[in-house]
Amino acid sequence: MSLTTTSGALAALGAALLLAPAAAGTAMADSAVPQAPVPKAQLQPTEVGPALGAVGYVTGPVKDLRLDPFAQSSADPLNNAVAVKPDNPGMRPVSSTAVTGALSDGGGAKDLPGLGLLLGAVPGH
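If you count the sequence shown from 1, position 19 lands on 360 in my numbering, and the numbers rise without skipping.
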């Protein structure tokens, strides 16, 4: 047997081995393949209770967070108040300390005049 005949026979054998599964696959596709049963899995119910119970632990520190890092120091810009004294003797002076006083004393968002009432409805400390 010559080298050309041997390599030709090997090429034919390789082609037959490669094409045999493809030919078998088309023959099997024609026949009916039994279907596997569909699994009867279900998702677990969503538990909302633990998530709602954790809201207070998340919002509590946020409400107590110190908003003014320079509070109770000599470099605190909110410590400087502006007051206006009206000419009318029956009127009291109006000052900015009502708004900034809680922050310059080291308070958090819950200590602000308007926001403190709203944050009281949020669970937490």
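Built from N, CA and C at the ideal position, the CB exists for glycine as well.
All values derive from a computational prediction rather than experimental measurement.
Under DSSP, A424 shares a beta bridge with S436. Along the segment 395–422, the alpha helix (DSSP H) occurs as fully enclosed runs of 4 or more residues at 396–405, listed in sequence order. Using a Cβ-Cβ distance cut-off of 8 angstroms, the segment 380–389 and the segment 445–460 are not in contact, since fewer than three pairs of beta carbons, one from each stretch, lie closer than that value.
Per the Cβ contact rule, the segment 427–446 is in contact with the segment 403–413 (3 or more Cβ pairs under 8 angstroms). 8 angstroms or more divides the Cβ of K404 from the Cβ of G448. Straight through space, the alpha carbons of L351 and K381 are spaced by roughly 51 angstroms. Annotation for L384: no alpha helix (DSSP H) segment contains it, and DSSP assigns it neither H nor E. Secondary structure of L459 (DSSP, three-state): helix. Pairing V435 with A422 gives a Cβ-Cβ distance that is not under 8 angstroms.
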